[in-house]
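Protein chains in written order, with the numbering used here: chain A, 1 to 193; chain B, 194 to 444.
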Amino acid sequence: MSKKNISTMAILLIPIGIAINVVGGQIALVLKLPIFIDVIGTILVGALCGPFFGGITGLATNLILGITAPTWIPYAIVNIAIGVVAGLCAKKGWFSTIKGAIITSVLIWLITQITANPVTVLVYGGITGSGSSFITSFLLATGQGLWSSVISTALITETVDKFVSVFIVFAILKSIPKRTIAKFPLGEDYLKA
Amino acid sequence: MKKGFITKLYPLTKAMFVGCMLIIGLVSDWRVGYLVVLPLCLLFAIIDGVAKPFIIKVFGALVVFVVFIFAFKIFLDKSASPIVFQYAFITIRQQGILDALNQTSILTILASAIILFFETTDVEEFMISLQQINMSHMISYVILSTLQMIPEMFKKSKIIMQAQQARGIETEGNLWLRTKAFFPSLGPLIISSIADLEERAITLEVRGFSADVKKTSYKEINKTPYDRTIFWSLIAATAAYIGWRIFTWLF
């Protein structure tokens, strides 16, 4: 397939990535799982198509979610960062091995903390709009400052699902038929595994 | 469907309104957000007959944040400003309320302006107007395709979950059981969607998707006579306002 067609595949993957971000969260809700899985799509697109497409998926997810819930738009920067990091890790081939997947999880977790916490404090005054705000208010009531309460809350609630998300993408990459995966920009890396 | 005045306006004009409101909000305090932008958007919503969905959506978007932010700011308020209200251990001072209002102002502007925009604008028309100023048609494809795909995927996921349940995957019970059900529910969804991709790519290519030519549109949108005036007045007013703010800040 020509280079142009590989880009088309990547562009077409973006809506799927966004939809997965949205639906994945819904499935977790239906199964009543205590995780807030909403970046699987972003990580997947980053892994298959590189940092540029990963970042765009992240941005577009928040913009589209923003149509019905504009209050979430400032978090776009987190989604973008995750997509870019996932893409960069994929380029280094870390999505093909378990060791690589662990490194990727840590990096994604790290970048999430770095980008999300400032947004939570500066734009939302410490609220994330989900149940974790109760933890934050509890910490505040015990006398901790706003930044440390937010960071502590995020460490508790946002850690597990980032690791889980990366490993889910890892498992999916192994399950996609080789014929299809070859058509994506980074696809050839996964054929070797 | 009877179209109100705001709905008939060209999408980019309305987008300029949203942008200007946000810029103004970033350089102002809470009074602009709460006393100007929110009532203004509400007024426009009423003019176009979409007041009820507007109010419901804005309320839904803001209520959690506003309640929590007010609570937080009041908790954190250690200033010596006058007490507004006191009951048992709860002390509400003026400074806390002011901080909360300032903090939530930008969120209020964001929510009101954007919700008003999408209540009075068809996404498809918005995309067409963006294409007319040379935005790539690929972007509008991505957005429109996603909006169509999300409900589709959601239905698919329900079907897959039921199919998996029929094969003995437990979706109820303890946490471990439910966790085991997650991947069999999500996995096939993702993989089947990706497998469909190739065919879709070929279909689009056959229709000249990545060809570098200007696309024509089946739907036509027109500017009303007022669009030009409104568009440039918004820019002028915002620039003047920012100029005034800088002036008062410097002297």
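Beta carbons are placed, not taken as given, at the ideal position from N, Cα and C, and that holds for glycine.
Checking 8 Å against the spacing of the C-beta atoms, do residue i and residue j come in under that value?
i, j, result
"Ala304 of chain B", "Thr115 of chain A", "no"
"Ala101 of chain A", "Val30 of chain A", "no"
"Thr90 of chain A", "Ala47 of chain A", "Residue identity check: residue 90 of chain A is Ala in the sequence provided, not Thr. In this structure, Ala47 of chain A lies closer than 8 Å to Ala90 of chain A by Cβ."
"Asn295 of chain B", "Trp369 of chain B", "no"
"Gly58 of chain A", "Ile40 of chain A", "no"
"Phe198 of chain B", "Ile267 of chain B", "no"
"Phe424 of chain B", "Thr206 of chain B", "yes"
"Lys408 of chain B", "Gln324 of chain B", "yes"
"Tyr411 of chain B", "Ser322 of chain B", "no"
"Ile216 of chain B", "Thr441 of chain B", "no"
"Ile108 of chain A", "Ile43 of chain A", "yes"
"Leu88 of chain A", "Cys49 of chain A", "no"
"Thr112 of chain A", "Lys162 of chain A", "yes"
"Ala317 of chain B", "Val243 of chain B", "Sequence check: residue 317 of chain B is Glu here, not Ala. No, Cβ-Cβ distance for Glu317 of chain B and Val243 of chain B is not below 8 Å."
"Ile343 of chain B", "Val23 of chain A", "yes"
"Leu191 of chain A", "Ile181 of chain A", "yes"
"Phe252 of chain B", "Leu309 of chain B", "no"
"Leu140 of chain A", "Leu146 of chain A", "yes"
"Asn362 of chain B", "Ala374 of chain B", "A small fix is needed here, since residue 362 of chain B is Ile in this sequence, not Asn. Yes, they are a contact pair."
Looking at the structure shown, is residue i part of a helix, part of a strand, or coil, going by DSSP?
i, result
"Gln287 of chain B", "helix"
"Asp189 of chain A", "helix"
"Asn62 of chain A", "helix"
"Met346 of chain B", "helix"
"Tyr334 of chain B", "helix"
"Thr142 of chain A", "coil"
"Arg360 of chain B", "coil"
"Trp94 of chain A", "coil"
"Met328 of chain B", "coil"
"Lys416 of chain B", "coil"
"Phe247 of chain B", "helix"
"Met1 of chain A", "Residue placement at Met1 of chain A is poorly supported in this model, since its pLDDT is 45, which falls under 50; the coordinates are not used for a value here."
"Ser274 of chain B", "coil"
"Val166 of chain A", "helix"
"Ile43 of chain A", "helix"
"Asn367 of chain B", "coil"
"Tyr227 of chain B", "helix"
"Asp38 of chain A", "coil"
"Thr409 of chain B", "coil"
"Gly17 of chain A", "helix"
"Ala404 of chain B", "coil"
"Ala76 of chain A", "helix"
"Tyr124 of chain A", "coil"
"Phe263 of chain B", "helix"
Let me check one thing: in DSSP terms, what residues is residue i bridge-paired to?
i, result
"Tyr280 of chain B", "B:Ile283"
Give a yes or no on whether the minimum CB-CB distance between residue i and chain A is below 8 Å.
i, result
"Met320 of chain B", "no"
"Met342 of chain B", "yes"
"Ser298 of chain B", "no"
"Ser272 of chain B", "no"
"Ala254 of chain B", "yes"
"Phe440 of chain B", "no"
"Ser350 of chain B", "yes"
"Phe347 of chain B", "yes"
Would you verify that the beta carbon of residue i is, or is not, closer than 8 Å to some beta carbon of chain B?
i, result
"Pro15 of chain A", "yes"
"Gln26 of chain A", "yes"
"Val22 of chain A", "yes"
"Gly66 of chain A", "yes"
"Lys195 of chain A", "Look at the range of chain A in this structure, 1 to 193, and you will see that residue 195 of chain A is not part of it."
"Ile18 of chain A", "yes"
"Thr42 of chain A", "no"
"Ala86 of chain A", "no"
"Ile11 of chain A", "yes"
"Ser148 of chain A", "no"
"Leu186 of chain A", "no"
"Leu31 of chain A", "yes"
"Ser96 of chain A", "no"
"Lys183 of chain A", "yes"
Can you find a heavy atom of the ligand NAD that lies under 7 Å from the Cβ of residue i?
i, result
"Ser298 of chain B", "As far as ligands go, the structure on display features none, and thus does not contain the ligand NAD."
What in chain C is Cβ-close to residue i, meaning under 7 Å?
i, result
"Leu303 of chain B", "Chain labels in this structure do not include chain C; the protein chains are A and B."
Practice item. Could you list the residues in the region 374 to 396 of chain B with a C-beta less than 8 Å from some C-beta on chain A, going in chain order? Key: Ala374, Phe375, Phe376, Ser378, Leu379, Gly380, Leu382, Ile383, Ile384, Ser386, Ile387, Ala388, Leu390, Glu391, Arg393 and Ala394
**Study point:** Near-chain A residues of the region 359 to 375 of chain B (beta-carbon distance less than 9 Å), N- to C-terminal order
**Key:** Thr364, Glu365, Leu368, Arg371, Thr372, Ala374 and Phe375
Check your understanding: Mind listing which residues of the region 305 to 339 of chain B have their C-beta closer than 7 Å to chain A's C-betas, in chain order?
Key -> Ile307, Ile308, Phe311, Met331, Val335, Ile336, Ser338 and Thr339
Check your understanding: Listed from N- to C-terminal order along the chain, which residues in the region 259 to 270 of chain B have their beta-carbon within a distance smaller than 8 Å of any beta-carbon of chain A?
Key -> Within the region 259 to 270 of chain B, the residues whose Cβ lies closer than 8 Å to some Cβ of chain A are Phe261, Ile262, Ala264, Phe265, Lys266, Phe268 and Leu269, listed in chain order.
Review point. Going along the chain, which residues of the region 150 to 180 of chain A sit with their C-beta nearer than 8 Å to a C-beta in chain B?
Key: Ile168, Ala171, Ile172, Ser175, Ile176, Pro177 and Thr180
**Study point:** Proximal residues, the region 98 to 127 of chain A versus chain B, C-beta separation under 8 Å
**Key:** Val123, Tyr124, Gly125, Gly126 and Ile127
Practice item. Name, going along the chain, the residues of the region 403 to 433 of chain B whose beta-carbon falls closer than 7 Å to a beta-carbon of chain A. Key: Ser403
Practice item. Name, going along the chain, the residues of the region 132 to 145 of chain A whose beta-carbon falls closer than 7 Å to a beta-carbon of chain B. Key: Ser133, Ser137, Leu140 and Ala141
Point to revise | Residues from the region 46 to 64 of chain A in contact with chain B, defined by Cβ distance under 7 Å | key: Taken in chain order, the members of the region 46 to 64 of chain A whose beta-carbon sits within less than 7 Å of a beta-carbon on chain B are Ala60 and Ile64.
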